[in-house]
Amino acid sequence: MSRRRAVVALQWTLLAVLVAATAAAGAWRAGGGHWERVETASMGTVAPVNSLLWVEPVDIGSLHVGDFVTFHPPGGDVTYSHRVAVIHADGSIGTQGAITAPDPWRITQADLVGEVVWTWPGVGWLVVAAPLLLVGGLVLAAVAWLVRSPTWRTPVLVVGGAVLLCVAIVVHRPFMRAQELGFAEVDGGARATYVSTGLAPVRLQAHRGAHVDLTDGEVGSVLITHRDDDGRYGITMHPRVPLWWWALLVLACFLPALWSVVAGPAGRPPPGRDDHRPRIGAHAVDRSLRPAGRRPRTPARPDRVGRRRLPRTPPRRARAL
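Per UniProt numbering, the very first residue in the sequence shown carries number 1; after that it's consecutive.
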């Protein structure tokens, strides 16, 4: 298989996957399922902040302790997603978050939205950034359409896509986040408790003291034994990026180059076809330098250069002596 056919096959494969995923999501929605985005850290590592939950309808009588359900509290319209902590004799259920105290309400069938069947951590950030990415993508596509040269269109798309991604990261800050759960003075200092709510691992460092490393949804506490220059207990947050994260980042940076190697330069004719574009060489003619309305002169054949055609003269006869 030629390189061009491989690229076309890859494009059609990606298109088929996209169409199949869209059809599956539509069938899920038509069957009563829907999606919820986690906005709080109450479920810890089970469903970190900005996880995407797949929720399908369920009968409350089929639930068991430990099931992950989505519901509205009695008399409220806010949506919660917690685990079933207790099943009461009247059929109602009590719920509780993974890192919170038991909820004060009882949930009935009328309050129940459904059961969580899938949890996709981090995908909710794409939902949050979707408006910015969509508008920026349309603007980038319009700019690329205005660029007529195929040689420049790919660099415009690569650089523009990188700028758009950086803007989305700066605006929404999905990587480094942490939420304070508690802060109390103890013997010898103060103890601060935090939960990580960002995608990247972070390190919480006490002022001149201990530290704790947290991943998305993980809870940790730090004992602060020294005050800062202002007399307060301070704590700082730093990224704690593992080696495999760096490997993925480097690979992502090289993806445009890899695509250029696979797909070939833009505007290059397929293999096996003659390229009639002007080339640089001994007999090349630069079309941009030709005078308007004049055709280039055809060079003389090498075997005729410097030769002239002489008129024929009859041979002279020798005189008889």
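We put the beta carbon where it would ideally sit given N, CA and C, even for glycine.
Element boundaries [beta strand (DSSP E), containing residue i]
i	result
I87	Y80 to I87
G94	I93 to Q96
D213	H211 to L214
L52	L52 to E56
F71	F68 to F71
G220	V219 to I224
Cut-off 6 Å between Cβ atoms - residues of its own chain near residue i, not counting five sequence neighbours on either side
i	result
P121	P48 and S51
R5	none
V86	G94
V123	L52
V65	V84
L112	I60 and F71
G136	L164
V46	A98
P102	A85 and Q96
R177	T197 and G198
F68	R83 and V116
W125	N50 and P174
Backbone secondary structure at residue i - three-state DSSP
i	result
I99	coil
Q11	helix
F183	strand
A168	helix
R106	coil
A200	coil
V65	coil
G189	strand
R232	coil
R5	helix
Range covered by the alpha helix (DSSP H) that runs through residue i
i	result
I235	Per DSSP, I235 belongs to no alpha helix (DSSP H); it is in the beta strand (DSSP E), I235 to P239.
8 Å CB neighbourhood of residue i in its chain, flanking five on each side removed
i	result
I280	Here I280 scores only 48 on pLDDT, less than 50, and its place in the model should not be relied on; the value that follows carries that caveat. The answer is none, since no qualifying residue turns up.
Q. Which whole runs of the beta strand (DSSP E) in the region 16-50 are 3 residues long or more, in chain order?
A. 34-37
Q) Does the region 72-83 come within contact of the region 95-106, defined as at least 3 CB pairs closer than 8 Å? A) yes
Q. Are the region 212-225 and the region 177-197 in contact at 8 Å, needing three or more beta carbon pairs?
A. yes
(Q) Quick check: the region 152-160 against the region 101-116, are at least 3 beta-carbon pairs closer than 8 Å? (A) no
Q. Using 8 Å as the Cβ pair cut-off and three pairs as the minimum, do the region 114-130 and the region 50-65 touch?
A. yes
Q. What are the complete beta strand (DSSP E) segments, minimum 3 residues, inside the region 112-158?
A. 112-120
Q) Would you say the region 201-209 touches the region 230-245, given that touching needs at least three Cβ pairs under 8 Å? A) yes
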